[in-house]
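Student:
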Amino acid sequence: MRHPSVVATDLEKTSATAAGGRKAKPPGWLFLLSTVFVTLICFYLDSVPYPYFEGGVFGILAWSALGLIFAIRLFNASPSEGLAEAIPPLLVLVIFMGCLLVTSTDAPFRVRFKLSEQSLEKYAMDLARSGAKTGCQRVGLYYVCGTYSSRYGLVSGGAEAIPGGAQVMVTDWPLMVSRGFLWLPDKRQPPDEVWCEEYKHLSGPWWACRSWDGV
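Mapped onto the numbering used here, the consecutive letters of the sequence shown carry residue numbers 626 to 840.
#1: Count the C-beta pairs between the stretch 742–756 and the stretch 684–697 that are closer than 8 Å, then say yes if the count reaches three, no if not.
#2: Using 8 Å as the threshold, is the stretch 670–679 in touch with the stretch 654–662, meaning 3 or more CB pairs across them?
#3: According to DSSP, simplified to helix, strand and coil, what is Y669?
#4: Report all residues from its chain with a CB closer than 6 Å to the CB of W837; omit the five preceding and five following residues, and keep chain order.
#5: Quick one: what's got a C-beta closer than 7 Å to V819's C-beta in the same chain, skipping five residues either side?
#6: Taking the straight line between their C-alpha atoms, what separation do you get for A749 and I685?
#7: Compute the beta-carbon to beta-carbon distance between K825 and W832, rounded to the nearest angstrom, for a pair I have assumed lies under 8 Å.
#8: Mind checking who T772 pairs with in its DSSP beta bridge?
#9: Hey, how far is the Cα of S733 from the Cα of F668?
This is the structure in structure tokens:
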């Protein structure tokens, strides 16, 4: 019969061997910051009248990658590597579910538009009155461009006067200009001169616009 101390030593060796194959550090606060960063990008890509198609693709790829990394690192983490200090898995799940919930309610767009509405209306009124705008500027929380110089010559960024009002397209880096607004204070339907392939009424004089190059 083996001495109890020998058995204990064998168990310790077995445990050490098992732990030796699990050398990855558990997900920590840097991983948590990554999930917050991905969430903010999802909000940014969802904060226009028609959410960008690229936003959906980015969200699926980014969250799938984060989920896979989280599962692998959590499984392979050794208790001796600070598993007790790892971020709680529930916290990552809460952030993920919060991202899904907020984007499904169109909240990023509503907040961004509400905070920008007064500035947008002032810009649109001036645009309709003057007939044109040159250069780019930040209007509220949106970046918009009138006519500006590029390597192709003078091009329009989508901020133009239209019959009965103004069209204000949004320039969201690094995406093509494809989303924006129509300001029509006399309650008329959007005219044919606009960039929109698809549009819908938002509230008051505002219409949402999606141009042909939007997916």
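Ideal Cβ placement from N, Cα and C applies to all residues, glycine included.
Tutor: So, from the listed chains and residues:
#1: Too few Cβ pairs lie closer than 8 Å, so no.
#2: In short, these stretches do not touch, since the Cβ pair count stays below three.
#3: Within the sequence shown, the letter at position 44 stands for residue 669. Three-state DSSP puts Y669 in a helix.
#4: By one-based count along the sequence shown, residue 837 stands at place 212. Around W837: E822.
#5: Along the sequence shown, read from residue 1 onward, the residue named residue 819 stands at position 194. These residues qualify, in order along the chain: I787, Q792, L807 and C834.
#6: Residue numbering aside, residue 749 sits at position 124 when the sequence shown is read from its first letter. Residue numbering aside, residue 685 sits at position 60 when the sequence shown is read from its first letter. The straight-line gap separating the alpha-carbon atoms of A749 and I685 is approximately 36 Å.
#7: The residue given as residue 825 occupies position 200 in the sequence shown. The residue given as residue 832 occupies position 207 in the sequence shown. That pair is a contact at about 7 Å.
#8: As a first step, residue 772 is located in the sequence shown; it is residue number 147 there, counting from the start. Here T772 is bridged, per DSSP, to T759 and S781.
#9: Sequence index remark: in the sequence shown, residue 733 carries index 108 (1-based). Sequence index remark: in the sequence shown, residue 668 carries index 43 (1-based). This sequence places Pro at residue 733; Ser is not what is there. If you take the alpha carbons of P733 and F668, they lie about 6 Å apart.
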